[in-house]
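Input: a single structure, listed below in structure tokens.
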Amino acid sequence: MARRMVATSSWLLLLIGLALAAGVLQARAQPDSIGFISIDCGLPGTANSVDDATKLSYAPDAAFTDAGSNHNISVEFINPTLATRHLTARSFPDGGGARSCYTLRLPVAGGLKYLLRAEFLYGNYDGLNRPPIFDLYAGVNFWSRVNVSSPDELVRREAILVAPDDFVQVCLVNTGSGTPFISALELRPLKNSLYPQANATQGLVLLGRVNFGADEIVRYPDDPRDRVWPPRVNSAAWDVISTTRKVQNLKDDKFEVPSMVMQTAIVPRNGSNTNSIWFFWDSVPQPNDRTPGYMAIMHFSELQLLSSNAALREFIVSINDDVWSSPRGFRPDYLFSDAIYSTAPLQRSPRYNVSIDSTANSTLPPFINAAEVFSVISTTSAVTDSSDVSAIMDIKANYRLKKNWAGDPCSPKTYAWDGLTCSDAVPPDRPRITSVNISYSGLDGDISSSFANLKAVKNLDLSHNNLTGSIPDSLSQLPSLTVLDLTGNQLSGSIPPGLIKRIQDGSLTLRHDNNPNLCTNDTSSCQPAKAGKSKLAVYIAVPVVLVVVIVSVVALLYYLVPRRKEQGPTTNTVMPQNETPMGHAPAPLPPGDDAYAQAQSSLRLENRRFTYKELEMITNNFQRVLGQGGFGKVYNGFLEDGTQVAVKLRSESSNQGAREFLLEAEILTRIHHRNLVSMIGYCKDGQYMALVYEYMSEGTLHEQIAGNGRNGRCITWWQRLRIALDSAQGLEYLHKGCNPPLIHRDVKATNILLNTKLEAKIADFGFSKAFNLGNEAQIATNTLVGTPGYVDPEYQATMQPTTKSDVYSFGVVVLELVTGRQAILSDPEPTSIIQWVRRRLARGNVEDVVDVRMHGEFDVNSVWKAADIALKCTVQVSAQRPTMADVVAQLQECLELEERRRTGGGGTRGGNFYGGGSSDPSFGYDAYVADSQSTDVSQISVAFEMEHNFGKVPRMGGGPIAR
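FYI, the numbering for the sequence shown is -21 to -1, 1 to 942, going by mature numbering (1 follows the signal peptide of the UniProt record, and there is no 0).
Now the structure itself:
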């Protein structure tokens, strides 16, 4: 009883914790102390993640959106240099045309200029290996198309905008080319004087930003605005000049480039016989603008003190042969940051060639420190009136509405909220909500006071919900309201006088039928209730109900727990209703049966045939039992030469009959592989049947996982991987190496045996099935065989086993190796280990599933990869599962990762690498990670040339286009 009371207290604490967590989420949905909003999309729980490079804290995204689901990228794409926020993603799987949004609250009432950045790393998080294409909106304005070309590509979209309200919305729109997703979202406030090209009617979308001459990325804290400045050098075309002295910004600087960026520059390579620098960028078409207009900003600071009057550095900047700077030449100041920039979009062109040339008077070559290029987007689309937005947002939150309500309620019209009608408006006017229809929407509780803030609403339909309480008189103050429909609710009290007056003067139509407790002057509900008795009834009823509920729960638990123990172990078989259960031996084949005779004749001479008397001698009258299975007991024995063997003797009550015995014997005479158990001989002596195997001293894998092995020790992660790899190689041989190929059909931990070296071998071939290598689909069976927890659901549904059925069962075995748990868990109800692992890995921490008895002695990437392999093996659709050959290759990689850790050659021990953790069976490799501490700049193409798009971070690039 005390334990049950503790359980009840735990539930109460959990409910309190959830309530507190909701408050924490709301608190975190705000800018931090420096005004930044940093969101780790898809991060589960309430704990923030921290970026190793910037030390900025990233909040989970649950407080910013109410749509989508969390995912972890696939383990095959993990890279130790990958930023933590890129290990998870949130996807929005609604159909084409759907809009899903984040809402970011700002500290000011509107007019704030800010930098907005979204990052996308697909990492095959969904296992489909189909990177999507979708659209990105900043509020109601189109921002950019996101085209993810490969799973390991990090796509970044950045814009500089002016906020029309005290919040910013970022929306992902499904274009029908895959499910939208997002990895991270960042907002950085800017001074309104910065980037004057961005204003209330136009925004800037970053095509590319580059830090010439640098050897590492610069961002926060070196750039207080947290702009990302990727490095760019090309020793074949350019030399680098640099200084360690601080480069200062000019007064009223319009860009405030950080000193660290301006401390390096490039000049033409010494001896190149040229006094020019060339580079280019290409136009990137957008769905609504095939040739966007671009604005360029080029940053210069003289880094060499020119002491002699004879030393002069002066140059002219041209774009597409048009002089862009002063035709008389530009002379940057020493250690002061200056810029040449566009105030209007450049002449549109598919390619923009930039040339920086020394003037005739210059004695020194030209240089450049940094550059930025932006496309221009219109931000003139009218947003909904802010008071209407606040009101309808409050209504959505109050009733927890799950309708397609995301982003701006009225704009763009294509994505207007279901059930709302809005007025047309031309800026500076804004659309207003004129009609709200949320009938049949499951609303409950009181009528929200926020409805009274929809000042332009004409029709309000709240019918056929479960609204209770009284009708608020504040609704009579809505100046435009003409129809109020409250039909079919549970409202009570009287119609307020304000509404009655509006009804009488003809300005309002009120519908209130089917509210049985509502007083309308013609029902008994107008009788006032006696407050004292009402309160007394509540005071009595609430405690009584609570006591009854608690007693009922305790009684139910008391009843269920003992009964669960009485039920005994779950049966070991899975059978369809119309098939003979495996628990009953099938009828033995008659001696004259062709299959029987064929199987008998196929037993090869090299397999010794034992008599029953010999078996008695070998086993010392069957004295020592090694184990027991569906066929019968397995006994320890010794041959005449002292060779230790295992004798599997069929019992009269065995699940398996002569057919299975002969099948296994026949199979074992013709298959030979180091990861398949070897048969030494057999016995068919009257009614006695037995198989004699090589002795496997360490018993079954099931015993080892449970800690019941012969040596009593817990097997290490390296040993587990070796066992998994050995077993996978045995199954791969069955599927591809033997002739004809075989499907095992009963892969499980008790059918994997271990020798003294813990080498694993597959055993028990009594249910194996041969198939035509070209057509597995031809196999059809009348009997479903296998073990609960391991049986392929597709095989169970179709009665057609395939090699992928073995793959599924093997995936369960790998999960047992990772977790140290059985295939079916009590959690507290019987639960598949597959679902148990999936639920916990969704939280992003492998520590939630890994066997604690390994005490953290493992490479975390290796564990993630093994778990990912197992989950891919156990997907519902067999066509999406890997082959055993694929599994073998993946497990070899897992083993290599763990061996590097064991031998000191690298690797990550335990769960420490992720610092409290953040990922899933899925990670992404990227040769260029924007937040890595160091970057091999030789692998990065010029920002202006990278895949025709500054916003994409390339994995690999060619050299620069220098002329």
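Even glycine gets a Cβ: it sits at the ideal position worked out from N, Cα and C.
These figures come from a predicted structure and were not determined experimentally.
Environment of residue i [buried if 16+ CB atoms lie within 10 Å]
i	result
VAL415	buried
SER316	buried
PRO807	exposed
LEU107	exposed
THR781	buried
ASN51	buried
HIS834	exposed
ALA289	exposed
ASP771	buried
GLU631	exposed
VAL828	buried
GLN708	buried
LYS381	exposed
VAL189	buried
ALA275	buried
SER48	exposed
ASP408	exposed
ASN267	exposed
GLY102	buried
ARG204	buried
Option nearest residue i by Cα separation, candidates the options
i	options	result
residue 976	ILE57, ARG603, ALA215, VAL263	For residue 976 there is no data in the structure shown, the boundaries of the chain being -21 and 942.
ILE16	LEU35, THR598, ASN734	LEU35
THR358	LEU140, GLN148, ALA350, VAL405	LEU140
ARG342	GLY386, ILE298, ARG292	In the sequence under discussion, the amino acid at residue 342 is Thr, which differs from the Arg named in the question. Of the candidates GLY386, ILE298, ARG292, the one whose C-alpha sits nearest the C-alpha of THR342 is ARG292.
THR760	PRO767, TYR769, SER747	SER747
ALA32	ASN171, ASP743, VAL207, PHE837	VAL207
GLN283	VAL219, PRO476, ILE112	VAL219
SER334	SER304, LEU433, GLU645	SER304
residue 987	ARG84, SER123, GLY621	The shown model of the chain, from -21 to 942, leaves out residue 987, and the question about it has no answer.
ALA864	ARG817, ASP830, PHE789	PHE789
HIS443	LYS434, ASP464, PHE430	ASP464
ALA138	THR735, SER123, SER255, ALA46	SER123
VAL119	ALA68, LEU151, ASN103, TRP815	LEU151
ALA349	ASP452, SER238, ARG327, GLN326	SER238
Whole-angstrom distance between residue j and residue i, CA atom to CA atom
i	j	result
SER221	SER337	19 Å
GLU165	ARG881	39 Å
ASN493	SER420	17 Å
PHE309	ILE298	15 Å
HIS491	SER473	11 Å
LEU285	PHE294	15 Å
ALA749	ARG136	54 Å
ASN332	MET241	23 Å
GLY678	THR862	27 Å
LEU460	LEU433	9 Å
GLY629	GLU645	As written in the sequence, residue 629 is Arg, which differs from the Gly given in the question. Roughly 16 Å between the two C-alpha positions.
GLN456	SER428	12 Å
PRO59	ARG800	29 Å
TYR672	VAL127	54 Å
VAL149	SER360	15 Å
LEU422	VAL134	41 Å
**OP:** Determine contact between the segment 369 to 379 and the segment 52 to 60, defined as no fewer than three beta-carbon pairs at a distance below 8 Å.
**Re:** Contact between the segment 369 to 379 and the segment 52 to 60 is absent, with fewer than three C-beta pairs closer than 8 Å.
Original post:
Hey, is the segment 809 to 817 in contact with the segment 834 to 844, meaning 3+ C-beta pairs nearer than 8 Å?
Top reply: no
**OP:** Please specify which runs of the alpha helix (DSSP H), each continuous and at least 4 residues long, are wholly inside the segment 791 to 867, giving them in chain order.
**Re:** 812 to 820, 839 to 852
Original post:
Below 8 Å, can you find three or more Cβ-Cβ pairs linking the segment 589 to 600 to the segment 610 to 618?
Top reply: yes
Original post:
Taking the runs of the alpha helix (DSSP H) that are 4 residues or longer, which of them lie wholly in the segment 646 to 727?
Top reply: 680 to 685, 696 to 711
Original post:
Would the segment 400 to 407 and the segment 380 to 387 be scored as touching if the rule is three or more Cβ pairs under 8 Å?
Top reply: These segments do not touch.
Original post:
Which runs of the alpha helix (DSSP H) fall wholly inside the segment 78 to 119 and span at least 4 residues, in chain order?
Top reply: none
**OP:** Kindly provide the ranges of any beta strand (DSSP E) runs that are 3 or more residues long and lie completely inside the segment 178 to 250, ordered along the chain.
**Re:** 181 to 191, 217 to 221, 243 to 247
**OP:** Entirely within the segment 417 to 459 and at least 3 residues each: give me those beta strand (DSSP E) ranges in chain order.
**Re:** 438 to 440, 445 to 448
**OP:** Please determine if the segment 155 to 165 and the segment 104 to 122 are in contact, where contact requires at least 3 C-beta pairs separated by less than 8 Å.
**Re:** yes
Original post:
Taking the runs of the alpha helix (DSSP H) that are 4 residues or longer, which of them lie wholly in the segment 341 to 375?
Top reply: none
Original post:
Any chance the segment 37 to 48 sits against the segment 16 to 28, with 3 or more Cβ pairs inside 8 Å?
Top reply: yes
Subject >> Contact the segment 669 to 683 vs the segment 721 to 741: 3+ CB pairs below 8 Å >> reply: yes
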